[in-house]
Structure formats: C-alpha cells, structure tokens
C-alpha cells in the first residue's frame, strides 16, 4: 500500500483511540563497540529516520502508553524509561505532514514528551512495524549522515545531556555491561556517555569509592597485555545508590 | 459571583483558546528563615490549595505558556523554570470537578507538565487572580496541615526530589541569597534543600572546591560569636558551572 494512503486510512481510527495534541518519543541508547547508539525507525512515508514514538490512548495512563508504543513499534519490552524533557514549540512538526490537509490526525500540533533509557542492544529482538521499512540501532557518530524527521535530532541531543547529568547522580552500567567486566570496560562506557576521555587514575579511584563494585578473584586472560582484574556490580549497594543517589553532599 | 458559575462561564471560552488535555503546574520554591516554602493558590472553588497552574494556548509555545500562567495567576515574572516531570495518570483529577457535567473544559483528562524554580520570595510581589481567594508562600513543614487538591502534593514532592538532584550537578544560591553571605548561610540553604544536616567541615571544603565563591575582605559583624567571613558568588565561574555542570567525573 502507498504510505500516504496508509496514514489516511489510520487517521479516523486514531481520532477515536488517542488523545489529541500529546505524543511520546522514547530515546533508547545502546552501548556496543565502546560507542553509544540510538534506536530509530525509518518510516515508509518520506523515508526519514524517526524515534519510535506515538500517541497515548484516551483511557491509558501515560507511562503505560509509552511502554506500549515502544513494544508495538520496535519490539522493546522491560526497559526502564525516564522522562527527561517536553518538546512544545508550536511549529515543531508543521512541515512534516504538509502533503496532507488539516484533517489528518497526525498533522495536528503535538507536544511531545521525551523519555530515555540505556539498554544492552544484544538483549533486544527488534521488530519492524507496519509504518516502517526499518528499525535499527544507529551509532551517535553516524547521526550526522542520516536524515532525521522534525525536531528528533534535538530530542536525541537533549536525551544525551540528560544521560550525562544522570551519570553524576546515579550509578550506570548494570544490565548493560557483561556480568564480569574490567575497570577499563566500565571507563569506556562512562567516556562514551560523557563524550570525552577520562583520566584513568581518577576514574578508578572515584568509581571504587562509590562502593558499588566487587573485585573478583579472576583476571581477564588472553590479551597481549597484563591480565586485568575482573569486577561485578554489588547488587545491594548498586540498588541503594540508585535509590539514594550518589550523594555528593 | 458563585465560584461554580465562574468556572461554567469560562468553560466555552477556554475551549476556544486552549489546547485540550494538556496543563502545566509550576512549583516555585522560596527560601526564608532557613526553610523552604512553596507558592500556592487557594481557589474560590472548593477552598483547597493548588499549584499556580493552567492551560496552554493553541497558538503558543509551551514554555511561553508556562511563563504566562505564572504571571497571570501569581504575578511572578523573570523566573527560570525547569521541567522536571509529567503527571499522566488517567484519573489524576477525576473527582476534583465532580460537581460539574462532562462538558466543562476543566473536567476533561489533563496530562500535566511539572516545572520547578527556586526563587527569593522577597523579590516577588504576589497577586491574587480572579479564581483564587489567596496566593501565598507555604512552608514545606506546614504542607501536612493544609488540604491540597488532586495530585498536587505528589507533584510538590517530586519537584523537591528534582531540586535535590539538581544540587548535585549545578550550583545553587545565586539570586536567592543576599549578595554577601556567610558559608553558614549557604550551608543552611543546602541543608534545607537536602532535608538533612551536613557536616560543616566537609561542606566548606566541597563548596570551596567548586571555585564559584569569592572570599571578601569583610566579616559579618554584630553576632555574639566570632565574626564570620563573608563571601559572594564569582559570577563568571558560577555561570560556567551552571552551563557545564559540576562534573563529578
């Protein structure tokens, strides 16, 4: 089916089911090959990349709606999503649906609520929904090479800033690194999020001071260099730090 | 005029002007007498206390709308508001307008966007709008004694958590303390926000390490104790720290 006709067909049903003017855009970050990537869809209509966003049902709690959208559009479940910003410029999407007249549900003004999550890509089996020709992880370093719809580039950038703030107040890495990891691997994750290199000595000292790591009796074997110590997260202390924050004061 | 009739009279006009289903609730904190307080209205209708919230115009950017609401409802201008959370449970306000039938604009489901600000109460001249019988600062320690409408107690609690997180990543105090202040006064502000006492030696060491303070050549005179040193914020470094964050890594 033609991608324009597909949207037209869905418009009346959407008016019945969904709240007008409110949408949600989840920014799911993954970490692989020492780099961050982000989960995006390539829509049939216009062939641009978009966040896997959608609308909230009239009889549905907001947070249930966001989880449903991510499941339906990308097959992603069991992700803890955190709200980080609201995108409410009145003309943020005015050109995207310019091929349609104003009766199209999707063309009205939407204030979009942004959520972010950090997840291990290898644990997710992606699906492609009926409106998309692709659903994939795109490395942040490659974002400048693709066409992103509406203000979705700005939403991703703001999500990254929110992730950087979070790393100052919460532990990060559980469910993202393998069960056993080296301090160097953990440092690579922090560097990818912060977008800069960290001094190794400072990082090791600070991360150990958080009290969330257990040093194991094993080393990583097989590299050309000295075998580095392996660590795992101390689940109890990690959970406590998540709840109370890293408490700089 | 009867407060019910007043809402009924406004309902049709509201449908013309405002987006449905979206509201904004600003949580403005003040600091006085070493305690935090929050700006609230007492509505004519039901005589409960509420945040000075409202609706977004169809042709208005979201952030302009929030600023307009705070100006119209409380007389507050020039406040930097930060979005901290969205309140979207489907039944969050279902009982509040139960005296009305479903055609009332105010009775529909609203997803509300929460903003917080920290401001010096002595710099604000409050007004009382046509829907309210009072607009006032209420100390957080007194919130348990008053009736708060809908989920506004939860919104205030979440705003306070957001403020606590912010204090870990951004400097706080400018525009809130007098131009010259003692470290003890700054510590009292941090303690009020964090809701706990801080070790004086640790606090002094950490706050000085941020590099945002200038030690003045004057002392605070007149107390019974040893005259403490006075400080002011270093505006350039403060602005830099605001922009870059306190950078724990």
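Residue numbers (my numbering), protein chains in the order written: chain A, 1 to 249; chain B, 1001 to 1249. Every residue gets a Cβ at the ideal spot worked out from N, C-alpha and C, and that includes glycine. In this text, all values refer to a predicted model and were calculated from it rather than measured experimentally.
Checklist line | Per-residue burial, residue 184 (chain A) [other beta carbons within 10 Å of its own, 16 or more giving buried] | finding: exposed
Item checked: Backbone CA spacing between residue 28 (chain A) and residue 1158 (chain B) [nearest angstrom] -> 24 Å
Item checked: Cα-Cα separation, residue 1132 (chain B) to residue 1003 (chain B) -> 9 Å
Notebook entry, point to check: Given 8 Å as the limit, is there contact between the region 1073–1091 of chain B and the region 56–63 of chain A, that is, 3 or more CB pairs closer than that?
Noted result: yes
Next item on the list: Would you check if the distance between the CB atom of residue 1011 (chain B) and the CB atom of residue 1110 (chain B) is smaller than 9 Å?
Entry: no
Check: According to the neighbour-count rule (16 or more other Cβ atoms, all chains shown, within 10 Å of its Cβ), is residue 112 (chain A) buried or exposed?
Finding: buried
Notebook entry, point to check: In the region 1070–1094 of chain B, which residues sit with their C-beta less than 7 Å from some C-beta in chain A, listed in chain order?
Noted result: 1083, 1085, 1086, 1088, 1089 and 1090
Margin query: On a Cα-Cα basis, can you pick out the residue from A:82, A:33, A:235 and A:53 that is closest to residue 117 (chain A)?
Written below: A:82
Check: What whole-angstrom Cβ distance do residue 1170 (chain B) and residue 1242 (chain B) have, given they're in contact under 8 Å?
Finding: 6 Å
Notebook entry, point to check: Any contact of the region 1092–1099 of chain B with the region 1149–1166 of chain B, i.e. 3+ C-beta pairs under 8 Å?
Noted result: yes
Margin query: I want to verify the contact list: residues of chain B whose CB lies under 9 Å from the CB of residue 189 (chain A), in sequence order.
Written below: In chain order: nothing, as chain B lies at least about 11 Å away.
Check: Among A:207, A:230, A:210 and A:225, which residue has its Cα nearest to the Cα of residue 218 (chain A)?
Finding: A:230
Next item on the list: Check each candidate in B:1114, B:1172 and B:1032 and name the one with the smallest Cα separation from residue 1053 (chain B).
Entry: B:1114
Margin query: Distance check for residue 130 (chain A) and residue 42 (chain A), CA to CA, integer angstroms please.
Written below: 11 Å
Note to self: Please classify residue 1188 (chain B) as buried or exposed, where buried requires at least 16 neighbouring CB atoms within 10 angstroms.
What the structure shows: buried
Check: Nearest chain B C-beta to residue 237 (chain A) closer than 9 Å, yes or no?
Finding: no
Next item on the list: Starting from residue 137 (chain A), find everything on chain B with Cβ-Cβ shorter than 8 Å and list it in chain order.
Entry: Simply none; closest approach about 25 Å.
Margin query: Run through the DSSP bridge pairs and tell me what residue 134 (chain A) is partnered with.
Written below: A:42
Next item on the list: Look at the Cβ atom of residue 1039 (chain B), then the Cβ atom of residue 1137 (chain B), and state whether they are nearer than 9 Å.
Entry: yes
Item checked: Short-range partners of chain A found in the region 1015–1039 of chain B, where Cβ spacing is below 8 Å -> 1019, 1020, 1021 and 1022
Check: Looking at the unbroken alpha helix (DSSP H) that takes in residue 168 (chain A), where does it start and where does it end?
Finding: 152–169
Next item on the list: Grab me the residues of residue 212 (chain A)'s own chain with a C-beta within less than 7 Å of its C-beta, minus the 5 sequence neighbours each way, in chain order.
Entry: 171, 233, 234, 237, 238 and 241
Next item on the list: Would you decide whether residue 178 (chain A) is buried or exposed? Buried here means 16 or more other CB atoms lie within 10 Å of its CB.
Entry: exposed
Check: For residue 1176 (chain B), which option in B:1080, B:1045, B:1198 and B:1102 has the closest C-alpha, if you only look at C-alpha atoms?
Finding: B:1080
Note to self: 9 Å is my cut-off, CB to CB: does residue 302 (chain A) come that close to chain B?
What the structure shows: For residue 302 (chain A) there is no data in the structure shown, the boundaries of chain A being 1 and 249.
Check: What is the rounded straight-line gap between the Cα of residue 1250 (chain B) and the Cα of residue 1035 (chain B)?
Finding: Because residue 1250 (chain B) is not part of the residues shown, which for chain B are 1001 to 1249, the question remains open.
Note to self: Beta-carbon within less than 6 Å of residue 105 (chain A)'s beta-carbon, same chain only, minus the 5 sequence neighbours each way: which residues are those?
What the structure shows: 11, 14 and 15
Item checked: DSSP-derived helix/strand/coil call for residue 185 (chain A) -> helix
Checklist line | Buried/exposed call for residue 1085 (chain B), threshold 16 Cβ in 10 Å | finding: buried
Next item on the list: Just the C-alpha distance for residue 97 (chain A) and residue 6 (chain A), rounded to the nearest angstrom, thanks.
Entry: 13 Å
Next item on the list: Using 10 angstroms around the beta-carbon of residue 227 (chain A), count the other beta-carbons present and answer buried if the total reaches 16, otherwise exposed.
Entry: exposed
Check: Which residues, taken in chain order from the region 154–175 of chain A, show a beta carbon closer than 8 Å to some beta carbon of chain B?
Finding: 164, 165, 167, 168 and 169
Check: In chain A, which residues lie with their C-beta within 7 Å of the C-beta of residue 1061 (chain B)?
Finding: 88, 89 and 90
Notebook entry, point to check: Expressed to the nearest angstrom, what Euclidean distance is found between the alpha-carbon atoms of residue 139 (chain A) and residue 1067 (chain B)?
Noted result: 37 Å
Margin query: DSSP three-state label for residue 20 (chain A), please.
Written below: strand
Next item on the list: Within 10 angstroms of the Cβ of residue 205 (chain A), are there 16 or more other Cβ atoms? Answer buried if so, exposed if not.
Entry: exposed
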